[in-house]
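So the protein sequences, as listed, match chains A and B.
Position 55 (the first sequence) corresponds to 54 in numbering that gives the first Met the number 0; numbering is contiguous.
Position 174 (the second sequence) corresponds to 173 in numbering that gives the first Met the number 0; numbering is contiguous.
Glycine residues also receive a C-beta, built at the ideal position from the N, C-alpha and C atoms.
In what follows, a single structure is set out as structure tokens and then discussed.
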Amino acid sequence: MNDARSNILKRLKEAGPGLPETAEQTPVPLARWSPAQRIERFSQRMESVRAEVHIVPDNGWIDLLKELVSEKGIGTLLYSPPTEYGSAIGAAWGTSDGPLRTLTGEIEEWQEQLFSDIDAALTSTHAAIAETGTLVLWPDSAEPRTFSLVPPIHIALLKAERIFDTFADLVAREQWQNGLPTNALLISGPSKSADIEQTLAYGVHGPVELIVLVLTEA
Amino acid sequence: MQQSVEFRGRSREALGNEQIRSNFRQAMDGLMSKRKASFPDQDELRRLRLRAAEIRANALLKLPELLERLEQRCHENGIQVHWAESTAEANAIVLGIMQRHDARLLIKGKSMVSEEMELNHYLEAHGIECLESDLGEYILQLAGEPPSHIVAPAIHKSRQQIAQLFRQKFPDIPYSEDVDTLTRSARTILRRKFNQAPVGLSGVNFAVAETGTICLVENEGNGRMCTTVPPVHIAVTGIEKVVEHLADIPPLLSLLPRSATGQHITTYFNMISSPRKPGERDGPQEVHLVLLDNGRSRIYQDQELIQTLRCIRCGACMNHCPVYARIGGHAYGTTIPGPIGSILEPQKAGLDRLGDLPTASTLCGACAEVCPVKIPIPDLLNRLRFERVRSDGDNLTPGQGSQRHGWEPTVWRAWSWLHAHPLVYRLGTRIASRLRWLQPRRLGNWSRVRSTPRVASRTLHELAAKNGFNDE
Ligand code: SF4
Numbered sequence: 000m001n002d003a004r005s006n007i008l009k010r011l012k013e014a015g016p017g018l019p020e021t022a023e024q025t026p027v028p029l030a031r032w033s034p035a036q037r038i039e040r041f042s043q044r045m046e047s048v049r050a051e052v053h054i055v056p057d058n059g060w061i062d063l064l065k066e067l068v069s070e071k072g073i074g075t076l077l078y079s080p081p082t083e084y085g086s087a088i089g090a091a092w093g094t095s096d097g098p099l100r101t102l103t104g105e106i107e108e109w110q111e112q113l114f115s116d117i118d119a120a121l122t123s124t125h126a127a128i129a130e131t132g133t134l135v136l137w138p139d140s141a142e143p144r145t146f147s148l149v150p151p152i153h154i155a156l157l158k159a160e161r162i163f164d165t166f167a168d169l170v171a172r173e174q175w176q177n178g179l180p181t182n183a184l185l186i187s188g189p190s191k192s193a194d195i196e197q198t199l200a201y202g203v204h205g206p207v208e209l210i211v212l213v214l215t216e217a
Numbered sequence: 000m001q002q003s004v005e006f007r008g009r010s011r012e013a014l015g016n017e018q019i020r021s022n023f024r025q026a027m028d029g030l031m032s033k034r035k036a037s038f039p040d041q042d043e044l045r046r047l048r049l050r051a052a053e054i055r056a057n058a059l060l061k062l063p064e065l066l067e068r069l070e071q072r073c074h075e076n077g078i079q080v081h082w083a084e085s086t087a088e089a090n091a092i093v094l095g096i097m098q099r100h101d102a103r104l105l106i107k108g109k110s111m112v113s114e115e116m117e118l119n120h121y122l123e124a125h126g127i128e129c130l131e132s133d134l135g136e137y138i139l140q141l142a143g144e145p146p147s148h149i150v151a152p153a154i155h156k157s158r159q160q161i162a163q164l165f166r167q168k169f170p171d172i173p174y175s176e177d178v179d180t181l182t183r184s185a186r187t188i189l190r191r192k193f194n195q196a197p198v199g200l201s202g203v204n205f206a207v208a209e210t211g212t213i214c215l216v217e218n219e220g221n222g223r224m225c226t227t228v229p230p231v232h233i234a235v236t237g238i239e240k241v242v243e244h245l246a247d248i249p250p251l252l253s254l255l256p257r258s259a260t261g262q263h264i265t266t267y268f269n270m271i272s273s274p275r276k277p278g279e280r281d282g283p284q285e286v287h288l289v290l291l292d293n294g295r296s297r298i299y300q301d302q303e304l305i306q307t308l309r310c311i312r313c314g315a316c317m318n319h320c321p322v323y324a325r326i327g328g329h330a331y332g333t334t335i336p337g338p339i340g341s342i343l344e345p346q347k348a349g350l351d352r353l354g355d356l357p358t359a360s361t362l363c364g365a366c367a368e369v370c371p372v373k374i375p376i377p378d379l380l381n382r383l384r385f386e387r388v389r390s391d392g393d394n395l396t397p398g399q400g401s402q403r404h405g406w407e408p409t410v411w412r413a414w415s416w417l418h419a420h421p422l423v424y425r426l427g428t429r430i431a432s433r434l435r436w437l438q439p440r441r442l443g444n445w446s447r448v449r450s451t452p453r454v455a456s457r458t459l460h461e462l463a464a465k466n467g468f469n470d471e
């Protein structure tokens, strides 16, 4: 296969010098909003693709979560204890575990359970983007990639101050080029498809419902 | 010639098929108006397109260097990079990976490059089952048909046709024409497969050289499934998909979904930079990236035709093409249909086989007007029309000069001689106008679907002179 590599590169390099230089970079003005506008824009865009957004003070979200769980009849809720929110969630249902489920070890040990036994998963988020109504996730060992993908309901916790104006702004401010995680994800709503007659259907392969709790300082 | 006869035949058939006509018309109208509504700010659109064209042109300018950097970064990140000059080599690479893992099932996300490779066909001949998991592709796999659009593959099918297909394939599932119910059925069937598949395959929308990152754009989540759940992930891509910087991604991502379907962003934008790292608890243990050439490095050598490689596969050119909207995707008989297909595919397969495609255009320019990376498609169509009849080829485009036929060059030579000799020209046109009663009523193929143009009774020169214009 090394032949293929050197042949391809050789052909490309031979042609190279004939190409015109293009140093130009047309500036594209980026949108700017105030913190309040960011929350508003984010929520409005998310809701327009059928995600559910709740803006809640950061001392009140546990109660809201419990309400949502009972209201939606969520029988099993996956969460990860070693996270910022883990202990609060763990304590939420008192001494009984109630709907709470955790998964330890690697996917090979829990894939079956994840696919068949989990109604909803709760994850934190890395950031969000106001312009497009987008959650940004950097899954890690505490909250693996499949948590936000396989269960039919995904509940995401987002700190209001982590909403950025645009994707370009986020990438530039955090200097993403200096180090990306295994998987960085932008999520804008529940899974959907328009493959049949251009008609939108939700919940094709990923979550059918996406619920975002935007936490504001109490 | 064989192919062009087929293209004409298929177009004629498609034009006579009312179902195809109305399915496409409806879908294209919808896509056009959605795109338009998603770009309310014309100045933003103008700037974004300029920027995107610059990003893609810059990436092509530095292509060999960027491919080496991409390979280097991927290597550091633990992604295994493979190079393939032909689709046969790419297929063999995928098969090799499958066999090393003793894998009998490949679950696939949407990938036009895998269509180009005819991968399913190849693997099935080697006893490996391939399963398309994109809803549209899945429907087509059930129907045994190729995609007819690069973004919305099953766009030619109506809901009723899909319902019939499901009834035929899954008699146990109750019949329904409801889109949500059909979607739910497909979800249930495919979930089982995601849970079992040993290897997942995806395409690539952008590959970032700076970070060694594979980017995937999708709505359904099947792309995430294919690249996250199975223990092995194989991504296949054309060598032209690389961009230099991570900062190049936001403007491209801002244009791609809006140009394609009028969505501001797709549900998922999936950026993969490595396999599962120690301590991580899911994701594939192996990630492979297959870089396919298949004619691209040849296209790359022509300073004008290289622009073909800027394409980000949004499909806007086909959505806005009056020819595509009428004949649909299958008539083209190529992996990629529509205006971009008409410039790309003949450069790959040869103008001797697909030389008719560049002529299937009115050169109205709609494609170039909407193309997010500003590919001058009509210019390139014209260029290929020239390539197919030129006699002094540079041997870059395969099938050059193959459509040059006996009397045609002589006629054009006479035409140009005539126009260079005013006296003869005037005399000639005058005689033609006087003898116009001799003109045949039918002009072969031309008048089969058009009325025959008549030579005027007076030449333009005569009319002008009569109205007081002099020669200068
Ligand atoms: S040629 Fe332009 S409009 Fe057509 S698919 Fe490619 S990027 Fe989109």
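Asked, Found
"Cβ-Cβ distance between B:Q140 and B:E131 below 8 Å", "yes"
"Members of the stretch 82-112 of chain B that neighbour chain A once the beta carbon cut-off is set at 8 Å", "W82, A83, E84, E88, I92"
"A:P219: contacting residues in chain B (beta-carbon distance under 8 Å)", "Lying before the first or after the last residue shown, residue 219 of chain A is absent from chain A, which here runs from 0 to 217."
"DSSP state of A:V207 mapped onto helix, strand, coil", "coil"
"Residues of the stretch 214-243 of chain B whose Cβ lies closer than 7 Å to any Cβ of chain A, in chain order", "N218, E219, G220, N221, R223, M224, T227, V228, I238"
"Whole-number beta carbon distance between A:R49 and A:D164, since they are thought to touch under 8 Å", "23 Å between Cβ atoms; not a contact."
"Ligand 1 heavy atom lying under 7 Å from the CB of B:P345", "no"
"Buried/exposed call for B:N394, threshold 16 Cβ in 10 Å", "exposed"
"Residue range of the alpha helix (DSSP H) that includes A:I38", "34-47"
"With 16 other Cβ atoms within 10 Å as the buried cut-off, status of B:G444", "A small correction: the amino acid at residue 444 of chain B is Asn; Gly does not occupy that position in the sequence shown. Classification of B:N444: exposed, given that the 10 Å Cβ count is below 16."
"Where the alpha helix (DSSP H) through A:T122 begins and ends", "Where A:T122 is concerned, there is no enclosing alpha helix (DSSP H), although the beta strand (DSSP E) it sits in stretches over 119-123."
"Same chain, Cβ closer than 7 Å to B:I92, neighbours up to 5 away in sequence not counted", "H81, A83, V289"
"Inter-residue spacing [alpha-carbon to alpha-carbon] between B:L62 and B:P397", "22 Å"
"Option in B:C73, B:M224, B:Q300 with minimal Cα separation from B:K109", "B:M224"
"Beta-carbon gap between B:P345 and B:M317 smaller than 8 Å", "no"
"Interface flag, B:G144 vs chain A, CB-CB below 8 Å", "Before going further, note that residue 144 of chain B is Glu rather than Gly in the sequence given. Taking Cβ atoms only, chain A never reaches closer than 8 Å to B:E144, which makes this a no."
"Same chain only: Cβ atoms within 6 Å of A:E70, ignoring 5 sequence neighbours per side", "none"
"Inter-residue Cα distance where the pair is B:E75 and B:E209", "12 Å"
"Chain B residues whose Cβ lies nearer than 8 Å to that of A:R172", "Going along chain B, no residue has its Cβ under 8 Å from A:R172, so there is no contact; the nearest lies around 12 Å."
"Segments assigned alpha helix (DSSP H), at least 4 residues, entirely inside the stretch 336-393 of chain B", "337-348, 350-353, 365-369, 376-388"
"Rounded C-alpha distance that separates A:L179 from B:C310", "26 Å"
"Which of helix, strand or coil DSSP assigns to B:A56", "helix"
"Cβ of B:N194 within 8 Å of any chain A Cβ", "yes"
"Environment of B:G15 [buried if 16+ CB atoms lie within 10 Å]", "exposed"
"DSSP state of A:K12 mapped onto helix, strand, coil", "helix"
"Beta-carbon proximity of A:F114 to B:N57, cut-off 8 Å", "no"
"Heavy atom of ligand 1 within 7 Å of B:S147 beta-carbon", "no"
"Contact test: B:S456 Cβ vs ligand 1 heavy atom, cutoff 7 Å", "no"
"Test: A:G188 CB closer than 8 Å to a CB of chain B", "yes"
"Start and end residues, alpha helix (DSSP H) containing B:W445", "Note, B:W445: premise wrong, no alpha helix (DSSP H); not H, not E."
"Test item: CB-CB of B:P277 and B:P283 under 8 Å", "no"
"Reference A:E216, options A:V135, A:I128, A:S123, A:G59, closest by Cα", "A:G59"
"Supposed contact pair B:V207 and B:V242 - C-beta distance, whole angstroms, cut 8 Å", "6 Å"
"Among A:I7, A:Q36, A:A3, A:V55, the one whose alpha carbon lies nearest that of A:I210", "A:V55"
"8 Å Cβ cutoff met for B:H319 and B:M31", "yes"
"Endpoints, alpha helix (DSSP H) assigned at A:A155", "Looking at the DSSP string, A:A155 is not in any alpha helix (DSSP H); the run it does join, the beta strand (DSSP E), is 152-158."
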